[in-house]
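Remarks on the structure that follows.
Number of protein chains: 2
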Amino acid sequence: MTTLGYAILGLLARESLSGYDLTQRMKGRVGFFWSARHSQIYPELARLEGDGFVTHSVVEQRDRPDKKVYEITASGLQALKGWITQPPPEKPTRDELTLKAYSVWLADGGEAARVFREEGLKHEEQLARYEEIRARMEDEWREGISDPGSPQFASYATLRRGIIHERGYAEWCRWLAEAVGGEVPISGRGGA
Amino acid sequence: MTTLGYAILGLLARESLSGYDLTQRMKGRVGFFWSARHSQIYPELARLEGDGFVTHSVVEQRDRPDKKVYEITASGLQALKGWITQPPPEKPTRDELTLKAYSVWLADGGEAARVFREEGLKHEEQLARYEEIRARMEDEWREGISDPGSPQFASYATLRRGIIHERGYAEWCRWLAEAVGGEVPISGRGGA
DNA sequence: ACCCGCATGTAAGTCGTTACATGATTCT
DNA sequence: AGAATCATGTAACGACTTACATGCGGGT
């Protein structure tokens, strides 16, 4: 069983979805630390069905093309449950920006500062988006969030991971940009 | 040019190394956010040499097998410099533990708490190792660290990234373990 | 007529891991 | 004699990306 398989089961455990719906949720989506394209999802769904972890039923639609809606089976739910509490295999971290930092001593200070400042901004923006979602969650799901047995709690947990990640990354970028370049441009030349 | 190619050039810009030496430095090593096995490194070195980014010379050794020592060329250094200040393509984050958290609402609270507590410990241990290295760096490289034009500074920068990463990850694991399980076992049953 | 969103697939290629393969030298 | 480290490669496989391919229905 692949990790992608469990990612799909994790979504189907919450609600039945078509391959297309799954693809939408896997598009680098908020709070969900995995991603996949439709070209990977459709074959994986076939494999999951072959293993008896999901079943599908065709839903006919008038105004749109028909779709196959996938549902998790008891066997699939069992497999998913078993996977959750198994310690994950540790995979080496690969981060291209940090790799660039490893060679930053060779670069022009100003240019390097610009890159790390820009990347820092991206993470700050993502952080802001996450904080907004968090505010909405804490507002709308007051009970769910405090109940570890609810999917809302789990969503909140992954979101928290995202917030901590972005906060730390942004902090590091800002520090490094400052250290290599120093001077922040007084007013931009109009570019991004 | 692949990212691995730049990772190798980044190491060779600091010192000339053999494929074997490169492999040692790529074994999930401290402060260096990339990794590769020898089976990937040797072919990549051949490719880099074909592109004129590195050259090698055979060094004969009496007490050990001979080795090919690779050196970065002017062209290789130029390519590396150009790469550093290019914004990296954003790649989707894939984190299996966070994915597990997304389905944690289905799991037994105690078992889940154990997993996240254990993972948290691993990150705390890695953090401790990083902090130790940092202390030594700050002690031994006092000048290098404050000079953005020195490789020591760059090493320190990647190490800082590692520290922030581990700190954030450990914090999240502790929070989640607490939230799902609560009670910490008074005394272990002897296991890890 | 053309583009966009919905909907589902296959094929080719890249990157990385695991396994296969060989050989020298040193230590026990 | 056998294990461990140094040293360099190739082959098979799996995961993921990009591109190819098709078709319906609605809006401009």
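The listed protein sequences derive, respectively, from chains A and B. If you read the first sequence in full-length UniProt numbering, its first letter stands for residue 1, the second for the next number, and so on. If you read the second sequence in full-length UniProt numbering, its first letter stands for residue 1, the second for the next number, and so on. Note that the Cβ used here is the ideal one computed from N, Cα and C, for glycine as well. As the structure is a computational prediction, the values presented were derived from the model and not from experiment.
*If you draw a straight line from the alpha carbon of H123/B to that of G168/A, how long is it in whole angstroms?*
15 Å
*What is the DSSP secondary structure of S57/A, counted as helix, strand or coil?*
Residue state, collapsed to three classes: strand.
*Give a yes or no on whether the C-beta atoms belonging to A112/A and T158/B are separated by under 9 Å.*
No.
*Identity of the residue in T98/A, E178/A and I164/A nearest P88/B by Cα*: T98/A
*Test: Q40/B CB closer than 9 Å to a CB of chain A*: no
*What is the DSSP secondary structure of K91/B, reduced to helix, strand or coil?*
coil
*To the nearest angstrom, how far is it from the Cα of L9/A to the Cα of L77/A?*
7 Å
*Measuring only between beta-carbons, confirm whether Q61/A sits less than 9 Å from chain B.*
no
*Helix, strand or coil for E71/B, going by three-state DSSP, please let me know.*
strand
_Boundaries (first-last residue) of the alpha helix (DSSP H) holding T158/A_ = P151 to G181
*asked:* Just to confirm, is the Cβ distance from A13/B to I72/B under 9 Å?
replied: yes
*Can you name the start and end residues of the alpha helix (DSSP H) that V115/A belongs to?*
Taken as a continuous stretch (DSSP letters only), the alpha helix (DSSP H) holding V115/A covers G109 to E140.
*Taking C-alpha atoms, which residue in V104/A, R64/A, P151/A and E118/A lies nearest to residue 235/B?*
In the structure as shown, chain B starts at 1 and stops at 192, and residue 235/B therefore has no counterpart that could be examined.
*Is it true that the region 38–56 of chain B meets the region 18–25 of chain B, where meeting means three or more beta-carbon pairs spaced less than 8 Å apart?*
Counting C-beta pairs with one atom in each stretch, the region 38–56 of chain B and the region 18–25 of chain B have three or more that are closer than 8 Å, which means they touch.
*Mind listing which residues of the region 80–103 of chain A have their C-beta closer than 8 Å to chain B's C-betas, in chain order?*
The region 80–103 of chain A vs chain B, Cβ under 8 Å: L80, K81, W83, I84, T85, Q86, P87, P88, P89, E90, K91, P92, T93, R94, D95, E96, L97, T98, L99, K100, A101, Y102 and S103.
_Limits of the alpha helix (DSSP H) - the one that G19/B falls within_ = G19 to R25
*Are the C-beta atoms of I133/B and some chain A residue less than 9 Å apart?*
no
*Is any beta-carbon of chain B found at less than 9 Å from that of D21/A?*
no
*Which two residues bound the contiguous alpha helix (DSSP H) that contains Q40/B?*
Looking at the DSSP string, the run of the alpha helix (DSSP H) that includes Q40/B is H38 to G50.
*Do A154/B and W175/A come within 9 Å of each other at the CB atom, strictly closer than that value?*
When the beta-carbon positions are compared, W175/A and A154/B stay at least 9 Å from each other.
_For a quick check, are the C-beta atoms of T2/A and R94/B less than 9 Å apart?_
no
*Please list the partners that T158/A has in chain B, where partner means a Cβ-to-Cβ separation under 7 Å.*
T98, A101 and Y102
*asked:* I'd like the span of the alpha helix (DSSP H) that includes E15/A, first residue to last.
replied: Premise fails: E15/A is in no alpha helix (DSSP H) and is neither H nor E.
*Which residue from R62/B, T55/B, R64/B and I163/B puts its Cα closest to that of A74/B?*
When each option's Cα is compared against that of A74/B, the closest is T55/B.
*Hey, would you say D19/A sits closer than 9 Å to K67/A, going by beta carbons?*
Per the sequence shown, the amino acid found at residue 19/A is Gly instead of Asp. When the beta-carbon positions are compared, G19/A and K67/A come within less than 9 Å of each other.
*Could you pull out every residue in the same chain whose Cβ sits closer than 8 Å to the Cβ of L17/B, ignoring the five residues on either side in sequence?*
For L17/B, the CB contacts under 8 Å within the same chain, skipping 5 residues up- and downstream, are L11, R25, V69 and Y70 in chain order.
_Taking only three categories from DSSP, how would you classify T2/A?_
coil
*Might you give, ordered along the chain, the residues of its own chain that have their beta carbon closer than 7 Å to the beta carbon of A177/A, omitting 5 neighbours on each side?*
A113, F116, R117 and G120
_Could you check whether the Cβ of D108/B sits closer than 9 Å to any Cβ belonging to chain A?_
yes
*Using 9 Å as the limit for Cβ to Cβ distance, is W172/A near chain B?*
So, interface residue.
*In terms of residue numbering, what span does the alpha helix (DSSP H) encompassing T98/A cover?*
E96 to Y102
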